[in-house]
Amino acid sequence: MVDLDNKNALVTGASSGIGAAIARRLAKEKCNLFLTGLGETQLQDTKATCEKEGVKVYYKECNFADFTSIDELVKEIKSIGFVIDLYVLNAGISQRDRGLETDFAIDQKIMQVNYWSSVYLVKQFKDEILASKQVNMSVTTSLAGLFGFPLRTSYCASKHALFGFFESLDLEYSNIHVTFLIPGRINTPISKSALKGNGEQYSKMDPGQAKGLDVDKAAQRAVRAIRRQRHRKLIGKSELIMAYINRYIPWLYYKIANKISPT
Ligand SMILES: NC(=O)c1ccc[n+]([C@@H]2O[C@H](COP(=O)([O-])OP(=O)(O)OC[C@H]3O[C@@H](n4cnc5c(N)ncnc54)[C@H](OP(=O)(O)O)[C@@H]3O)[C@@H](O)[C@H]2O)c1
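Heads up, the sequence shown is in our numbering, so the first residue is 128 and it goes up one at a time.
Right, here's the structure in full:
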């Protein structure tokens, strides 16, 4: 069990959805926070809510599509002496187009924001992590990180890649514990910022998304899994059955996966 009281957590993607809800939940557990995301106003809103729990909260806007912006974030975290006990690696963008119709630059952007940014970020704290007795990392992947899914080629690839990198890291270092959060459909605005093949924002709330699990319930389950140092935590509603069908009845998965609405 991890005691989060008076620990320090860095939360990426804390300006919206699951990241903001996890931050609010961690604040209730009396965990100090460093929040980051793209939208400054939304980060300030999350900060104000979390501070009501009496914890210390810092924030800095950061664009994960840009390594220089991540360097500035790292500099700020180090300059205030915020030593991270828990990395909540959660920022992400989705995709709404078929693979061949997605420009390669968009494939690269999705991999950059969803995968490379997290790898780059933790490497900037190499010395601190190696010197630490225990570091916890929570990595938000997706059901779409367990198998392929239509309109999500690079999104799926980025989430699969997170599993490969961070599971290996967990096995390599005895002081690092990784919890993979595996959401199905959670009611957040993620489909709105999803990228079409030409790089335009999809800008629609998917009906499937709107019917997803309430984001605060999702965050509650996520933080419980982090505290209990679970390796993998599926979070969602009936759609989670797909994880079991893919694993145990693969022929059925191939029959039904492209009949499920991807929006
Ligand atoms: N919602 C679901 O059903 C679902 C299912 C499976 C997995 N997930 C995963 O859960 C994570 C959180 O998603 P969500 O549903 O909470 O969506 P969301 O509400 O859209 O939140 C995404 C977060 O990532 C941040 N972000 C996006 N692009 C960024 C960039 N270039 N640089 C820095 N931050 C960036 C966003 O910042 P701004 O809002 O300020 O732009 C926001 O804080 C993602 O990794 C997503 O893939 C979600």
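Here a beta-carbon is modelled for each residue, glycine too, at the ideal position from N, C-alpha and C.
Report the residue from ARG225, THR229, TYR282 whose alpha carbon sits nearest the alpha carbon of VAL240.
Ranked by Cα distance from VAL240, the options ARG225, THR229, TYR282 are led by TYR282.
I'd like to check one pair, ALA370 with LEU361: are the Cβ atoms closer than 9 angstroms?
Contact flag set, yes.
Ordered list of beta strand (DSSP E) runs contained in the stretch 270-338, each at least 3 residues
Given a length threshold of 3 residues, each whole run of the beta strand (DSSP E) inside the stretch 270-338 is given here in chain order: 303-310.
Is the closest heavy atom of ligand 1 to the C-beta of ASN325 under 8 angstroms?
With a threshold of 8 angstroms, the Cβ atom of ASN325 does not count as near ligand 1, since no heavy atom of the ligand is closer than that.
Starting from GLU188, trace the beta strand (DSSP E) in both directions and tell me its first and last residue.
It spans 184-188 - the beta strand (DSSP E) in which GLU188 sits, taken as one unbroken run.
With a threshold of 7 angstroms on Cβ separation, who are the neighbours of ALA345 within its own chain once the five nearest residues in sequence on each side are excluded?
If we look at ALA345 and ignore the five residues flanking it on each side, its Cβ neighbours are ILE145, ALA148, PRO310, ILE313, ILE362.
Can you find at least 3 beta carbon pairs, one from the stretch 245-252 and one from the stretch 166-174, that sit closer than 8 angstroms?
Verdict: no, contact absent.
Check whether the Cβ of SER320 sits closer than 8 angstroms to any heavy atom of ligand 1, and report yes or no.
SER320: yes, Cβ under 8 angstroms from ligand 1.
Any idea which residues DSSP pairs ILE368 with across the strands?
Answer is none; ILE368 lacks a bridge partner.
Provide the residue span of the beta strand (DSSP E) that contains ARG359, from first to last.
It spans 359-362 - the beta strand (DSSP E) in which ARG359 sits, taken as one unbroken run.
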